[in-house]
Amino acid sequence: MLRTSPPFYPTTFMPIIGNLSEFPLPEILNLIGRRTGKMRLLDVPEYGVMELHLRDGEIRSIQMPGGALEDENQVVDKLCHVVRAQCGMFEFNESSPRAILGHGAFPIQQMVMNLVFAVDEMNAQSVQDPNARFVLIASPEIWLEPDLQSFFDQTQELFVTAPTAKDIADTLGRDLAEVMAHLNNLLSLNIIQVLPSEVGDDDAQGKTKPFVLPKQSPAEDDTSGFHGYKAHA
Numbered sequence: 002m003l004r005t006s007p008p009f010y011p012t013t014f015m016p017i018i019g020n021l022s023e024f025p026l027p028e029i030l031n032l033i034g035r036r037t038g039k040m041r042l043l044d045v046p047e048y049g050v051m052e053l054h055l056r057d058g059e060i061r062s063i064q065m066p067g068g069a070l071e072d073e074n075q076v077v078d079k080l081c082h083v084v085r086a087q088c089g090m091f092e093f094n095e096s097s098p099r100a101i102l103g104h105g106a107f108p109i110q111q112m113v114m115n116l117v118f119a120v121d122e123m124n125a126q127s128v129q130d131p132n133a134r135f136v137l138i139a140s141p142e143i144w145l146e147p148d149l150q151s152f153f154d155q156t157q158e159l160f161v162t163a164p165t166a167k168d169i170a171d172t173l174g175r176d177l178a179e180v181m182a183h184l185n186n187l188l189s190l191n192i193i194q195v196l197p198s199e200v201g202d203d204d205a206q207g208k209t210k211p212f213v214l215p216k217q218s219p220a221e222d223d224t225s226g227f228h229g230y231k232a233h234a
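In short: position in the sequence shown from 1, add 1, done, that's this note's numbering.
In structure tokens form, the structure reads like this:
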């Protein structure tokens, strides 16, 4: 377990580094909490490098090759893309407040909730996409109503091939609308996931992981599971 000391300046704080396929972005933002610093998102599909400027529990801006983003809708849109892609790396470095750029003031906790709602909405829309493919990411840990449990039991092995809703309907001989409704329910329970378009069919199994909003924010000085070092005076 690696922990960091509370922020102070000057500092020799080493960066917190991790993989976005293992640590979902909203979870990372919750972990960072009210720290002040810059978080670089690397190898993000379509965007390459993004840099979030964070201060006092707020996102002040996103710095990108094409310029800075301070509009809330643009910020949510770009971060949703990162969450859905589920790939790339992140690196967080604490820095002086003077080094933070931008005049936005988007509370991290509210941004996390916005991302959760936006991704849920996109997942629901994905079910309506005839070309969307689905993969299994977790077995149910809660009681499912009988119809949904029966559907899951019949489709569990099919998800290995990342099928579309139509594939499932054809295989089971069931109504497409009924299949879509069940898929939407499984999505909302984080049992299945829409396969990101960047991932090929051969990589379907085991390449996606769910995002579950933490029940409570981790302690602000706890970076368990991430690569990093204690800050030293």
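Glycine is no exception: its CB is placed at the ideal position from the N, C-alpha and C atoms.
Remember, it's a predicted structure, so these values are computed and weren't measured experimentally.
Quiz prompt | Euclidean distance between Cα positions of residue 129 and residue 182 | solution = As a first step, residue 129 must be located in the sequence shown, where it is residue number 128. As a first step, residue 182 must be located in the sequence shown, where it is residue number 181. Their Cα atoms are separated by approximately 10 Å.
Quiz item: Between residue 170 and residue 196, is the Cβ-Cβ spacing less than 8 Å?
Solution: Taking the first residue of the sequence shown as position 1, residue 170 is located at position 169. Taking the first residue of the sequence shown as position 1, residue 196 is located at position 195. Contact flag unset, no.
Quiz item: Using 8 Å as the Cβ pair cut-off and three pairs as the minimum, do the stretch 139 to 153 and the stretch 92 to 109 touch?
Solution: no
Exercise. Tell me residue 91's beta-bridge partners as DSSP assigns them.
Key: Numbered from 1 along the sequence shown, position 90 holds the residue referred to as residue 91. DSSP, once it has assigned bridges, lists 19, 42 as partnering residue 91.
Quiz item: Which residues bound the beta strand (DSSP E) around residue 195?
Solution: As a position in the sequence shown, residue 195 is number 194, starting the count at 1. Residue 195 -> beta strand (DSSP E) spans 193 to 195.
Self-check item: Check whether residue 167 and residue 159 have beta carbons under 8 Å apart
Solution: The residue you call residue 167 lines up with position 166 of the sequence shown. The residue you call residue 159 lines up with position 158 of the sequence shown. The answer is no: Cβ separation not under 8 Å.
Quiz item: From what residue to what residue does the beta strand (DSSP E) around residue 106 run?
Solution: Working through the sequence shown from its first residue, we reach residue 106 at position 105. Where residue 106 is concerned, there is no enclosing beta strand (DSSP E), given that its DSSP letter is neither H nor E.
Quiz item: Who are the Cβ neighbours of residue 102 in its own chain at under 6 Å, not counting the five residues just before and after it?
Solution: For the purposes of this step, residue 102 is taken as residue 101 along the sequence shown, with counting starting at 1. So the list reads 54, 62, once near-sequence residues are dropped.
Quiz item: Just to confirm, are residue 122 and residue 41 a CB contact at a threshold of 8 Å?
Solution: In the sequence shown, the residue the question calls residue 122 occupies position 121. In the sequence shown, the residue the question calls residue 41 occupies position 40. It is not a contact, given that the beta carbons lie outside the stated cut-off.
Quiz item: So is residue 207 buried or exposed if we call it buried at 16+ other beta carbons inside 10 Å?
Solution: The residue given as residue 207 occupies position 206 in the sequence shown. Note on residue 207: pLDDT 41, under 50, position unreliable in the model; the coordinate value appears next. Looking at its Cβ environment, which holds fewer than 16 other Cβ atoms inside 10 Å, residue 207 is exposed.
Quiz item: What's the call for residue 56, buried or exposed, on a 16-neighbour Cβ count within 10 Å?
Solution: Walking along the sequence shown from the start, residue 56 turns up at place 55. Buried, since its Cβ has 16 or more Cβ neighbours within 10 Å.
Quiz item: Among 74, 47, 23, 58, which one has its Cα closest to the Cα of residue 39?
Solution: For the purposes of this step, residue 39 is taken as the residue at position 38 of the sequence shown. Among 74, 47, 23, 58, the Cα nearest to that of residue 39 belongs to 58.
Quiz item: So, helix, strand or coil for residue 64, using DSSP?
Solution: Start at 1 with the first residue of the sequence shown, and residue 64 comes out as number 63. It is a strand residue.
Exercise. Pull up the distance between the alpha-carbon of residue 27 and that of residue 48, whole angstroms please.
Key: In the sequence shown, counting from the first residue as 1, residue 27 sits at position 26. In the sequence shown, counting from the first residue as 1, residue 48 sits at position 47. Going by the C-alpha atoms only, they are around 18 Å apart.
Quiz item: Which first and last residues belong to the alpha helix (DSSP H) in which residue 160 is found?
Solution: As a first step, residue 160 is located in the sequence shown; it is residue number 159 there, counting from the start. Where residue 160 is concerned, there is no enclosing alpha helix (DSSP H), given that its DSSP letter is neither H nor E.
Practice problem: Consult DSSP for residue 152 and reduce its assignment to one of helix, strand or coil. | Solution: By one-based count along the sequence shown, residue 152 stands at place 151. Three-state result, residue 152: helix.
Exercise. Assign residue 68 to buried or exposed, taking buried as 16 or more other Cβ atoms, counted over all protein chains shown, within 10 Å of its Cβ.
Key: Taking the first residue of the sequence shown as 1, we reach residue 68 at position 67. So residue 68 counts as exposed.
Practice problem: Pick helix, strand or coil for residue 56, following the three-state DSSP scheme. | Solution: For the purposes of this step, residue 56 is identified with residue 55 of the sequence shown, where counting begins at 1. Three-state DSSP puts residue 56 in a strand.
Quiz item: Who are the near neighbours of residue 120 in its chain, counting only those whose CB is closer than 8 Å to its CB and skipping five residues on each side?
Solution: Numbered from 1 along the sequence shown, position 119 holds the residue referred to as residue 120. Counting only Cβ-Cβ distances below 8 Å, and skipping sequence neighbours, we find 81, 84, 85, 212.
Practice problem: Alpha carbon to alpha carbon, how far is residue 88 from residue 193? Give it in angstroms, no decimals. | Solution: For the purposes of this step, residue 193 is identified with residue 192 of the sequence shown, where counting begins at 1. For the purposes of this step, residue 88 is identified with residue 87 of the sequence shown, where counting begins at 1. Spanning the two alpha carbons is a distance of roughly 17 Å.
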